[in-house]
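Novice:
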Amino acid sequence: MTANELRKKYLEFFQSKGHAVIPSAPVLPENDPTVLFTTAGMHPLVPYLMGEKHPLGKRLADAQKCIRTGDIDDVGDNRHLTFFEMLGNWSLGDYFKREAIEWSWEFMTDSKWLGLDPKRIFVTVFAGDKEAGVDRDNDSIEIWKEQYKKIGMEAGVCELDKKAEKNSRIFLLGKEDNFWGPAGETGPCGPCTEMFYDVWPEEGELQGTHDELVKQFRLMEIWNDVFMEFNKSAEGKFEKMAQQNVDTGMGLERTVTVLSGKENVFDTDLFLPIIQEVEKLSGKSYQDEEYKKPMRIVADHIKAAVFIIADGVEPSNVQRGYVLRRLIRRAVRQGHVLGIKENFTTKIAKVVQKIYGAVYPEILRENILNVLEEEENKFAKTLASGLLKIEKYLSNPEGNFIYRKFGNETQQAPSYFNTDAAELSFDLYQTNGFPLEMSLEELKKTGITFDEEKIKEKFNEKLKQHQELSRTASAGMFKGGLADTMEKTTALHTTAHLMLAGLRKVLGEGVHQKGSNINGERIRFDFSYGEKMTDDQKKAVEDYVNAAIKENVKVIMSEMTPEEAREAGAEGEFGHKYGELVKVYEIPGFSKEICGGPHVKNTGDIKGVFKIAKEESSSAGVRRIKATLV
Ligand code: SER
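And the structure:
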């Protein structure tokens, strides 16, 4: 069965059960400001689920275009997609669990419709949740048992987190899995029952818990019936709604996969023509394991991009536009991995248009190809400037310390390289749209050996920090924990300036900063110096810093050109590329340093006594200090 046939059959089936067919809404939700994209069939129907009257009645059916980017990193396995279609039937305060489950069973198993093997169908039901105040869904369990009885099976119930037994057919799962919604922060939601198909029946009886079986890809989820009778309020309460609704979502791609006896969504008519085009463009074979994932990513992402552009979004650096940009750039990047040299996104888009144009004519608009082409050109430019950044960073003989330290002498990167590389990668990610893996590949090309895992770890730390900050900032709630952490970090940041000045005073002017990492708890600081510090030296540095804290000196910030800063004796990264103007933070009598900030207003705000907790070797000629305020 082709995807087009499945879509048609689904709608026909529910028409035969008294449903009116409604068209897909755009992938940009019109009624729900809490989400960027339509991630489920229910989005466009929220007002009706909440009680508004729908002009076409209480029973509706549709195929809805959806975009989900939460799983973007999973794209490339056998079932995750960013664009997919959800087939849905809807009861707006009309029928409830019984009809929903009976019709699901009939549509899946009746040879007139899908004719799936009922013995290969396994379902999940909500186990109940005390905290949410929602009971175990015994009604659904009973209704499912009746369905299995129709084929002479006694369906067994497998309790929460237990391993499957011989007759297990109905698996109980908790809130995480079997309570659906709301799609945004608030709105309609309820317990659900999901249907899975066994894609490897030849393996014999199911072994393990439901979760394990899904992770092993043996069970493929194809349909979800949600019994939407609650509304989640802004206070997080689940309130019973006046009407009991049904929201079901059958994944078109996954269902067509199991119907064609496949176990992989990419092996269907919704993808194969695209993959073939990628093969043609790259000269690589999809059969080659190495190229499977990049090909799948290209196919999925360009398809999603086409649908997003068709509904009116253009690439940008914010919100929907940013998601779109990311999809296109990730695809282009994977194209490069496949060895495609020329622009190619419009060629892929044309295949997408062929597959879907008859069902979704909005994707046939000419401008879609222009938008793609333009973004691909833009990316080519920023790609070039990003690569240049990396090159400059690694090979500036005018004193770039990375180069000096190991560029010619040794290929083993010093440990602070991890921090620097993470920072560089993060900058490339933010300003040039480079995915991390791309920066790492570029760094590898230099022949330097470094600790990839560490860099990933640091990069993700930064990303998380950044996301946290932008999330809380956009929610307008810099309260409590975060504000406190930021204040402590700022205090330690100023302390680090004092410490560097102290180190230069005690150990000599040859000391310069080689890297630092500050969080709300401590300073980690690398500096150039060839020997272990003595206890006296450490004490002298501590005294220097503590004297400055005690004196409560005003911290002065001024802006000037890098030349002026250097002439004024400000400490800075020698050879570092600064902008036209830099900020210089001066703590008169103690320190003067080029820095982006932020810093405390007066050293007295630092609060606490400075203490060097540890001093050790970091790499050849570089020492590392860990210090805190106690
Ligand atoms: N809203 C449910 C889902 O997205 C069913 O459509 O899975």
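Position 267 of the sequence shown, counted from 1, bears residue number 266 in numbering that gives the first Met the number 0, the numbering being contiguous throughout.
In this text, a Cβ means the ideal position worked out from N, Cα and C, and glycines have one as well.
Counting pairs of beta carbons, one from the stretch 95-103 and one from the stretch 242-259, are three or more of them closer than 8 Å?
Specialist: Output reads yes: the stretch 242-259 touches the stretch 95-103.
Novice: At a threshold of 7 Å, does Met107 count as lining the ligand SER (C-beta to nearest heavy atom)?
Specialist: False, no ligand heavy atom lies under 7 Å from that Cβ.
Novice: Assuming Phe121 is part of the beta strand (DSSP E), what are its boundary residues?
Specialist: From DSSP, the beta strand (DSSP E) with Phe121 extends over 120-125.
Novice: Check whether the Cβ of Thr247 sits closer than 7 Å to any heavy atom of the ligand SER, and report yes or no.
Specialist: It does: the Cβ of Thr247 is within 7 Å (strictly closer) of some heavy atom of the ligand SER.
Novice: Alpha carbon to alpha carbon, how far is Gly356 from Asp299?
Specialist: Gly356 and Asp299: Cα-Cα distance of roughly 16 Å.
Novice: Determine which residues share a DSSP beta bridge with Ser618 and list them.
Specialist: According to DSSP, which records beta bridges pairwise, Ser618 is partnered with Val621.
Novice: Are there 16 or more other CB atoms within 10 angstroms of the CB of Thr448, so buried, or fewer, so exposed?
Specialist: With fewer than 16 Cβ atoms within 10 Å of its Cβ, Thr448 is classed as exposed.
Novice: With distances taken from CA atoms, which of Leu427, Val351, Thr345, Gly40 is nearest Gly250?
Specialist: The candidate whose alpha carbon is nearest that of Gly250 is Gly40.
Novice: Verify whether the separation of the beta carbon atoms of His598 and His492 is less than 8 Å.
Specialist: Yes; because the gap between Cβ atoms is below 8 Å, this pair is in contact.
Novice: Do Phe36 and Pro43 have their C-beta atoms closer together than 8 Å?
Specialist: No, the pair does not count as a contact, with Cβ atoms beyond the cut-off.
Novice: Return helix, strand or coil for Leu481, following the three-state DSSP convention.
Specialist: Low confidence applies to Leu481: its pLDDT is 45, below 50, so where it sits in the model is not reliable, and the reading given next is rough at best. Helix, per DSSP.
Novice: Using the Cα positions of Asp197 and Tyr147, report the straight-line distance between them to the nearest angstrom.
Specialist: Near 15 Å, if we compare the C-alpha coordinates of Tyr147 and Asp197.
Novice: Which word fits Ala379, buried or exposed, when buried means at least 16 other C-beta atoms lie within 10 angstroms of its C-beta?
Specialist: Burial call: exposed.
Novice: Run through DSSP, which three-state label would Lys553 get?
Specialist: Strand.
Novice: Thinking C-beta only, is Phe82 closer than 8 Å to Phe306?
Specialist: Their beta carbons are under 8 Å apart, which means Phe306 touches Phe82 by this criterion.
Novice: Can you give me the C-alpha to C-alpha distance between Tyr543 and Glu451, rounded to a whole angstrom?
Specialist: Approximately 37 Å, taken between the alpha carbons.
Novice: Entirely within the stretch 340-398 and at least 4 residues each: give me those alpha helix (DSSP H) ranges in chain order.
Specialist: Correct list: 344-355, 366-394.
Novice: Going straight from the alpha carbon of Ala330 to that of Ile273, what length do you get?
Specialist: Taking the straight line joining both Cα atoms gives about 13 Å.
Novice: Look at the alpha carbon of Gly180 and the alpha carbon of Lys144, and state the distance between them as a whole number of angstroms.
Specialist: Taking the straight line joining both Cα atoms gives about 26 Å.
Novice: Measuring CA to CA, which of Glu585, His496, Glu84 is closest to Lys26?
Specialist: According to the sequence shown, residue 26 is Val rather than Lys. That would be Glu84, whose Cα lies nearest to the Cα of Val26.
Novice: Pull the bridge partners of Tyr196 from the DSSP assignment, please.
Specialist: Per DSSP, Ile120, Met219.
Novice: For Asp61, which of Thr247, Lys391, Lys261, Thr560 has the nearest alpha-carbon?
Specialist: Out of Thr247, Lys391, Lys261, Thr560, Thr247 has the C-alpha closest to the C-alpha of Asp61.
Novice: Pro46: which of Ala2, Cys188, Val608 sits nearest, CA to CA?
Specialist: Among Ala2, Cys188, Val608, the Cα nearest to that of Pro46 belongs to Cys188.
Novice: Taking 8 Å as the threshold, find out whether the stretch 263-272 comes into contact with the stretch 220-227 through three or more Cβ pairs.
Specialist: The stretch 263-272 vs the stretch 220-227: no contact.
Novice: Give the range of the alpha helix (DSSP H) segment to which Trp102 is assigned.
Specialist: Run containing Trp102: 96-108, per the alpha helix (DSSP H) assignment.
Novice: Count Cβ pairs between the stretch 593-607 and the stretch 514-522 that sit closer than 8 Å; are there 3 or more?
Specialist: Cβ pair count under 8 Å is below three, so no.
Novice: Return yes when at least one heavy atom of the ligand ZN lies under 7 Å from the C-beta of Gly186, else no.
Specialist: Of the ligands one can find in the structure shown, namely the ligand SER, none is the ligand ZN.
Novice: With respect to 7 Å, is the separation between the Cβ of Trp102 and the closest non-hydrogen atom of the ligand SER below this value?
Specialist: No, the beta carbon of Trp102 sits no closer than 7 Å to any heavy atom of the ligand SER.
Novice: Taking the C-alpha atoms as reference points, what is the distance between Thr208 and Ile120?
Specialist: Spanning the two alpha carbons is a distance of roughly 16 Å.
Novice: With DSSP run on the structure shown, which of helix, strand or coil describes Phe405?
Specialist: Because the pLDDT of Phe405 is 47, which lies under 50, any placement of that residue in the model is unreliable, and the question is left without a value.
Novice: With 16 other CB atoms within 10 Å as the buried threshold, where does Ala567 fall?
Specialist: Under this definition Ala567 is an exposed residue.
Novice: Which term fits Met556, buried or exposed, when burial requires 16 or more other beta carbons within 10 angstroms of its beta carbon?
Specialist: Under this definition Met556 is an exposed residue.
Novice: If we count the other Cβ atoms within 10 Å of its Cβ and call it buried at 16 or more, is Pro190 buried or exposed?
Specialist: Pro190 is buried by the Cβ-count criterion.
Novice: Is any heavy atom of the ligand SER found at a distance shorter than 7 Å from the C-beta of Leu379?
Specialist: Position check: residue 379 holds Ala in this sequence, whereas Leu was assumed. False, no ligand heavy atom lies under 7 Å from that Cβ.
Novice: Hey, Asn137 and Val264: beta-carbon distance below 8 Å or not?
Specialist: Not in contact: Asn137 and Val264 (Cβ atoms no closer than 8 Å).
Novice: For my contact list, Tyr290 and Lys279 are in at a C-beta cut-off of 8 Å; report their separation, rounded to the angstrom.
Specialist: Tyr290 to Lys279, Cβ: 13 Å. No contact.
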